[in-house]
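As numbered in this note's numbering, residues 22 to 474 make up the sequence shown, in order. Even glycine gets a Cβ: it sits at the ideal position worked out from N, Cα and C.
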Amino acid sequence: MASKGRLTLILAALLLIASLAAIANNSLNQSSDSSNDDLELNNYFQTNARSEAEVTLSVWYTFASESKEEETYLDAIAGFEQANPHITVESTMVPYGNADQLFMTAAQGGEAPDLVRLSSDQLGKIGEVRVDGYPLLEDLRPHLTPNQRSQFDQRAVSGMYYGESLLGIPASQDCLSLVYNKAIFDAQGMDYPNDNWTNDDLLSAAENLTNGDVQGLALPVKVAYWWFPFQEGFGGHLFDENGNPTLDSNGSAEAVDWLFALEKEHGVVATGTQIESMKSQFITSKAAMIVDGPWNWATYESSRLDVGQSLLPIVEQSGLRSSPLVTYKGWSVTKQSAQKVASTDLALWLSSPSVQRDFALDTYTMPTSIELYTDPQITENDVISGFLAQAQVGTPAPTTRGMALVYGPLGTAFEQVYTDSSTSQQALSGANTELISLLSESQPADASQLFAG
């Protein structure tokens, strides 16, 4: 009987221990779930791909190796994996300049990643491509609720559409603006640029600041991207409301002439300035002003420059403000992905307000989250708020095949004008004809359908 009593006590003790262990384990799981939920709450977007099954996502990103952007991205990935322990993310860096071509090659060979970072103009190249009748990217319309879409700047959302298909979630935006070296202005006793400046004010200041080995302004006059703001300012447009090319529209030739005269007539831009050399000129204080984007701001700060930013000028001749092209970068889910729900969750995470805030504060990347437009951390940051103000008066780049093809014809036209082998009007008319021909040669793909999966 004593032996039986001891056995009963032992069993009772074991049951008690097991019960306590279960309670502790349940408490730990609840704590873990709570921690993960807190991470999602801080990120503002809930994860849909709840599962006990292990999932691996492959992601291509285009942030430069060992850059602050890459570090911020990898931190965001770590946060996503912590909130979703069943998901492992394998990240691969690909060069931004040819990410679209690398992706199209991989997709056509059946080797596409689950998620890829692309710009709105790159979507214009990819949108027409089909493999076995299917597009290369997933149409995200069924994956995003109206509420989720409404949390982004609607111009940015529109920029990720190709035709009727939503091919990406916008995580950032870019545009050019006027950046200046305060020390050079101070040394000459000149006022800094302001938002009321005209192009005549810009030229006058650049002439006064051009002295010895210092140029008043740095920009690559033959690169079309730097012509776009002034084309709009002089009253021209790249395309009409129906998407037809209008490279030679009224004001476009005048914009080319004004831009080239900065170098060839007025001498305020160094002869032969290219994208990299303009950066070098500004970093070494050999240029007082530069037309550049926020992506180089950290580089200028690390070079111990005291820099400021102002809106691009109003064009005196038209009364219109120079309007830079605004492009958007975001995350696209590939059609070949077997994990589209989890991939969309990750795309939303990387585009969420908290991750966009980290990118803005860490790297001066302009957000697309409308919540951040009134966030004190953003509005009180002169750099980010200044570039956002510039983007608001910019021109969204159309996500079309025409936009993807425009640089070739314009490059030829600008070279003709620069070498005095053609007038601006003649060269632009030729470029417009060439672009129309290129578009007529490329057969448009069938309208995208919402395929299941």
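Original post:
Could you give the residue range of the alpha helix (DSSP H) that holds residue 192?
Top reply: For the purposes of this step, residue 192 is taken as the residue at position 171 of the sequence shown. Counting along the chain, residue 192 sits inside no alpha helix (DSSP H); it lies in the beta strand (DSSP E) bounded by residues 190-195.
Subject >> Range of the contiguous beta strand (DSSP E) that encloses residue 211 >> reply: Counting from 1 along the sequence shown, the entry for residue 211 is found at position 190. For residue 211, no beta strand (DSSP E) segment is defined, and its DSSP state is neither H nor E.
**OP:** Measure how close the beta-carbons of residue 3 and residue 368 come, nearest whole angstrom, since I'm counting them as under 8 Å.
**Re:** Since the displayed the chain opens at 22 and closes at 474, residue 3 lies outside it and no answer follows.
Subject >> Selection from 135, 129, 146 and 141 that minimises the alpha carbon distance to residue 154 >> reply: Here residue 154 refers to the residue found at position 133 when the sequence shown is read from its first residue. It is 129 whose Cα lies nearest to the Cα of residue 154.
Original post:
Taking DSSP as the reference, what is the three-state secondary structure of residue 359?
Top reply: Translated into positions along the sequence shown, residue 359 becomes position 338. In the structure shown, residue 359 falls within a coil segment according to DSSP collapsed to helix, strand and coil.
Original post:
Of the choices 326, 182, 271 and 102, whose alpha-carbon is the least far from that of residue 200?
Top reply: Start at 1 with the first residue of the sequence shown, and residue 200 comes out as number 179. Comparing alpha carbon positions, the residue from 326, 182, 271 and 102 closest to residue 200 is 326.
Original post:
How would you write the range of the alpha helix (DSSP H) that residue 404 sits in, first residue to last?
Top reply: The residue labelled residue 404 in the question sits at position 383 within the sequence shown. Element bounds for residue 404: 403-413.
**OP:** Let me know if residue 350 comes out buried or exposed under the rule of 16 or more other beta-carbons within 10 Å of its beta-carbon.
**Re:** Your numbering for residue 350 matches position 329 in the sequence shown. The Cβ neighbour count for residue 350, taken over all protein chains shown within 10 Å, is at least 16; the residue is labelled buried.
Original post:
Just the Cα atoms here: how many angstroms apart are residue 419 and residue 359?
Top reply: Numbered from its first residue, the sequence shown carries residue 419 at position 398. Numbered from its first residue, the sequence shown carries residue 359 at position 338. If you take the alpha carbons of residue 419 and residue 359, they lie about 30 Å apart.
Original post:
Enumerated in chain order, which unbroken segments of the beta strand (DSSP E) with a length of 3 residues or greater are wholly contained in the stretch 93-134?
Top reply: Qualifying beta strand (DSSP E) stretches, in chain order: 108-114.
Original post:
To the nearest whole angstrom, what separates the beta carbons of residue 231 and residue 312, a pair I think is in contact under 8 Å?
Top reply: On the sequence shown, residue 231 is found 210 positions in, with the first residue counted as 1. On the sequence shown, residue 312 is found 291 positions in, with the first residue counted as 1. Rounded to whole angstroms, the Cβ separation of residue 231 and residue 312 is 16 Å, and the two are not in contact under 8 Å.
**OP:** Return helix, strand or coil for residue 317, following the three-state DSSP convention.
**Re:** As a working note, residue 317 is residue 296 in the sequence shown. Reduced to three states, the DSSP call for residue 317 is helix.
Subject >> Cut-off 7 Å between Cβ atoms - residues of its own chain near residue 384, not counting five sequence neighbours on either side >> reply: Along the sequence shown, read from residue 1 onward, the residue named residue 384 stands at position 363. 89, 90, 93 and 319, listed in sequence order.
**OP:** Please report how far the alpha carbon of residue 363 lies from the alpha carbon of residue 297, in whole angstroms.
**Re:** Start at 1 with the first residue of the sequence shown, and residue 363 comes out as number 342. Start at 1 with the first residue of the sequence shown, and residue 297 comes out as number 276. The alpha-carbon atoms of residue 363 and residue 297 are separated by roughly 39 Å.
Subject >> Per-residue DSSP class, three states only, for residue 277 >> reply: Numbered from its first residue, the sequence shown carries residue 277 at position 256. For residue 277, the three-state secondary structure derived from DSSP is helix.
**OP:** Could you tell me whether the stretch 412-431 touches the stretch 140-153, where touching means 3 or more Cβ pairs closer than 8 Å?
**Re:** The stretch 412-431, when compared against the stretch 140-153, does touch it at the 8 Å Cβ threshold.
Subject >> Cross-strand partners of residue 350 (DSSP beta bridge) >> reply: The count along the sequence shown starts at 1 and reaches residue 350 at position 329. Paired residues: 140 and 193.
**OP:** Return the first residue and the last residue of the beta strand (DSSP E) that residue 449 is part of.
**Re:** For the purposes of this step, residue 449 is taken as the residue at position 428 of the sequence shown. First-last for residue 449: 445-462, but that is the alpha helix (DSSP H), not the beta strand (DSSP E).
Original post:
What span of residues does the beta strand (DSSP E) with residue 239 cover, start to end?
Top reply: Walking along the sequence shown from the start, residue 239 turns up at place 218. 236-239 is the span of the beta strand (DSSP E), which, as asked, contains residue 239.
Subject >> Per-residue burial, residue 131 [other beta carbons within 10 Å of its own, 16 or more giving buried] >> reply: Taking the first residue of the sequence shown as position 1, residue 131 is located at position 110. Its Cβ having fewer than 16 others within 10 Å, residue 131 is exposed.
Original post:
When the Cα of residue 272 is compared with those of 166, 436, 399 and 341, which residue comes out closest?
Top reply: In the sequence shown, residue 272 corresponds to position 251, counting from 1. Out of 166, 436, 399 and 341, 341 has the C-alpha closest to the C-alpha of residue 272.
Original post:
Where residue 282 and residue 269 are concerned, what is the direct C-alpha to C-alpha distance, given to the nearest angstrom?
Top reply: Residue numbering aside, residue 282 sits at position 261 when the sequence shown is read from its first letter. Residue numbering aside, residue 269 sits at position 248 when the sequence shown is read from its first letter. It is roughly 19 Å from the alpha-carbon of residue 282 to the alpha-carbon of residue 269.
Original post:
Among residues of its own chain, excluding the 5 on either side of residue 162, which ones have a beta-carbon nearer than 6 Å to its beta-carbon?
Top reply: Counted from its first residue, the sequence shown places residue 162 at position 141. Taking C-beta separations shorter than 6 Å and ignoring five residues to either side along the sequence, the partners of residue 162 in its chain run 187, following chain order.
Original post:
CB-CB under 8 Å to residue 229, same chain, minus the five flanking residues each way: which ones, in chain order?
Top reply: Within the sequence shown, the letter at position 208 stands for residue 229. For residue 229, same chain residues with a beta-carbon under 8 Å away, outside a window of 5 residues either side, are 209, 211 and 237 in chain order.
Original post:
What whole-angstrom Cβ distance do residue 335 and residue 219 have, given they're in contact under 8 Å?
Top reply: The sequence position of residue 335 within the sequence shown is 314, counting from 1. The sequence position of residue 219 within the sequence shown is 198, counting from 1. About 5 Å separates the two Cβ atoms, so the contact holds.
Subject >> Assigned secondary structure, residue 417 (DSSP; H/G/I helix, E/B strand, else coil) >> reply: On the sequence shown, residue 417 is found 396 positions in, with the first residue counted as 1. In the structure shown, residue 417 falls within a strand segment according to DSSP collapsed to helix, strand and coil.
Subject >> Rounded separation between residue 310 and residue 101 - CA only >> reply: On the sequence shown, residue 310 is found 289 positions in, with the first residue counted as 1. On the sequence shown, residue 101 is found 80 positions in, with the first residue counted as 1. Residue 101 has its alpha-carbon roughly 41 Å from the corresponding atom of residue 310.
Subject >> Alpha carbon of residue 99 to alpha carbon of residue 138, nearest angstrom >> reply: Position 78 of the sequence shown, counting from 1, holds the residue named residue 99. Position 117 of the sequence shown, counting from 1, holds the residue named residue 138. Approximately 17 Å, taken between the alpha carbons.
**OP:** Rank 113, 105, 95 and 435 by C-alpha distance to the C-alpha of residue 276 and give the top, closest one.
**Re:** Position 255 of the sequence shown, counting from 1, holds the residue named residue 276. Minimum Cα distance to residue 276 is reached at 435.
Subject >> Secondary structure of residue 172, DSSP reduced to three states >> reply: Mapped onto the sequence shown, residue 172 falls at position 151. It is coil, neither helix nor strand.
Original post:
Three-state secondary structure (DSSP) at residue 82?
Top reply: Looking up residue 82 in the sequence shown gives position 61. Under the three-state reduction of DSSP output, residue 82 falls in the strand class.
Subject >> Backbone secondary structure at residue 177 - three-state DSSP >> reply: Residue mapping note: residue 177 aligns to position 156 of the sequence shown, counting from 1. It is helical.
Original post:
For the beta strand (DSSP E) that residue 330 lies in, which residues bound it at each end?
Top reply: If you number the sequence shown from 1, residue 330 lands on position 309. Taken as a continuous stretch (DSSP letters only), the beta strand (DSSP E) holding residue 330 covers 328-331.
**OP:** Please determine, among 248, 441 and 374, the residue with the shortest C-alpha to C-alpha distance to residue 285.
**Re:** By one-based count along the sequence shown, residue 285 stands at place 264. Sorting 248, 441 and 374 by C-alpha distance to the C-alpha of residue 285 places 441 at the top.
**OP:** Please classify residue 103: is it buried, with 16 or more other beta-carbons within 10 angstroms of its beta-carbon, or exposed?
**Re:** As a working mapping, residue 103 is identified with position 82 in the sequence shown. Flag for residue 103 reads exposed.
Original post:
For residue 175, does the count of other Cβ atoms within 10 angstroms reach 16, so buried, or fall short, so exposed?
Top reply: Reading the sequence shown from its first residue, position 154 is the one you call residue 175. Exposed is the call here.
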